[in-house]
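Residue numbers (my numbering): 0 to 361.
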């Protein structure tokens, strides 16, 4: 399936695909999804003085390769529970998932009926789009608040097994139908970083206007990618500006969810999109996560020594007097201690920046 363009132009100057067109691609839209008029129009990004952050923003995370420690999906899942949102669109799983690789799960509902949940991708939108949220004091710890709260849309799902081009086309059809004007991708990668230091966060964009507005870098990574990069490239080709936020997760605790990385992603997202996101129990969970690893390291001399090496490398990079040469020398020394520094993981670096599909993703 070739990448589709939107089918009609809305009064706002942006456009969305018609409901029938999206359904023809296998996408199920709820009643009331915006449609449009003249066919053949192309989406044009809004370039007014308010910039990227004035738009409806779709925050995206996928289970799979881009979700170390379940940090990205955990962050978006947390947002989902704190926003007044409802499903707008859902991908048909039959088209994109290999059930032997991403198996459905079964659970028992409150009514006692056994229910299957299939891998998919669901887009959520605010029940009152565009409205700012100023919660009552009793709701301050329960709801996202701020002038942009009513502009936040969410996409949460599982990385597809096949047909990524068609999958990206359907996702972007849904984004256009919802009048989304910008996309924020959340990701997390395993890296050679210590759990005892703040989680490293890297923000990048391929869009020059977004980079200028937020004073961020462009990714220079070249290599294998996940579905986030495919969606980002396709969105930019349609004129939808994108932004990526990545967290580094210590590789030696990759089997456990990382609330500390989840918290770091939420902190950065809150800073960038100018809303207030309640943390709930997440701060305590992050502290308990770190304490639990401390206990394990205290019982394993080899692990403790390795973590000390990571700490030394990280502290060297973070020190104010560190020069580029000093950082390079420290990293080279660190690699010599560990052989070639590669064991099948992403090439996380001593400064905590993830490797493939992380900060340097295309």
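C-beta: ideal position from N, C-alpha, C; glycine also.
Can you say whether residue 75 is buried or exposed, counting buried as having 16 or more other CB atoms within 10 angstroms of its CB? buried
For residue 107, the first and last residue of its enclosing beta strand (DSSP E): 104 to 107
Do the stretch 54 to 62 and the stretch 141 to 157 meet, that is, are 3 or more Cβ pairs less than 8 Å apart? yes
Going by beta-carbon coordinates alone, are residue 264 and residue 71 separated by less than 8 Å? yes
In whole angstroms, what separates the C-alpha of residue 244 from that of residue 268? 8 Å
Applying the 10 Å Cβ sphere with the 16-neighbour rule, what's the burial state of residue 253? exposed
Less than 8 Å between the C-beta atoms of residue 174 and residue 57, yes or no? yes
Could you spell out the range, first to last residue, of the beta strand (DSSP E) harbouring residue 72? It is not in any beta strand (DSSP E) - residue 72 instead sits in the alpha helix (DSSP H) that spans 70 to 81.
Anyone know if the C-beta pair for residue 185 and residue 124 falls short of 8 Å? no
Under a Cβ-count criterion, where at least 16 other Cβ atoms within 10 Å of its own Cβ denotes burial, should residue 54 be classed as buried or exposed? buried
Near residue 382, what residues of its chain come up, given a Cβ to Cβ distance below 7 Å and the 5 sequence neighbours on each side ignored? Residue 382 lies beyond the range of the chain shown here (0 to 361); nothing can be said about it.
At least three beta-carbon pairs within less than 8 Å, the stretch 165 to 180 to the stretch 221 to 234: yes
Looking only at its chain, what residues have a beta carbon closer than 7 Å to the beta carbon of residue 95, apart from the 5 residues adjacent to it on each side? 159, 160, 161, 162 and 166
Tell me residue 186's beta-bridge partners as DSSP assigns them. 245
What is the rounded straight-line gap between the Cα of residue 313 and the Cα of residue 112? 51 Å
Cα-Cα separation, residue 248 to residue 273: 25 Å
Helix or strand or just coil, what does DSSP make of residue 220? coil
Kindly indicate the opening and closing residues of the alpha helix (DSSP H) around residue 123. Where residue 123 is concerned, there is no enclosing alpha helix (DSSP H), although the beta strand (DSSP E) it sits in stretches over 120 to 125.
Name the residue from 191, 180 and 215 whose alpha carbon lies nearest to the alpha carbon of residue 201. 215
Would you list the one or two residues that DSSP bridges to residue 94? None, per the DSSP bridge assignment.
If we count the other Cβ atoms within 10 Å of its Cβ and call it buried at 16 or more, is residue 90 buried or exposed? buried
From residue 136 to residue 142, what distance separates their C-alpha atoms? For residue 136, the predicted structure reports a pLDDT of 45, less than 50, and the residue's modelled location is therefore unreliable. The matter cannot be settled from this model.
Give me, in chain order, the residues of the same chain whose beta-carbon lies closer than 7 Å to that of residue 339; leave out the 5 immediate sequence neighbours on both sides. Note on residue 339: pLDDT 48, under 50, position unreliable in the model; no value is reported.
Touch test, the stretch 192 to 201 against the stretch 294 to 313, Cβ-Cβ under 8 Å, three pairs minimum: yes
Expressed to the nearest angstrom, what Euclidean distance is found between the alpha-carbon atoms of residue 204 and residue 109? 44 Å
How long is the line joining the alpha carbons of residue 148 and residue 127, rounded to whole angstroms? 10 Å
Out of 239, 317, 105 and 100, state which residue places its alpha-carbon closest to the alpha-carbon of residue 206. 239
To which residues of the same chain is residue 235 closer than 7 Å at the C-beta, ignoring the five residues directly before and after it? 205, 206 and 241
DSSP three-state label for residue 143, please. coil
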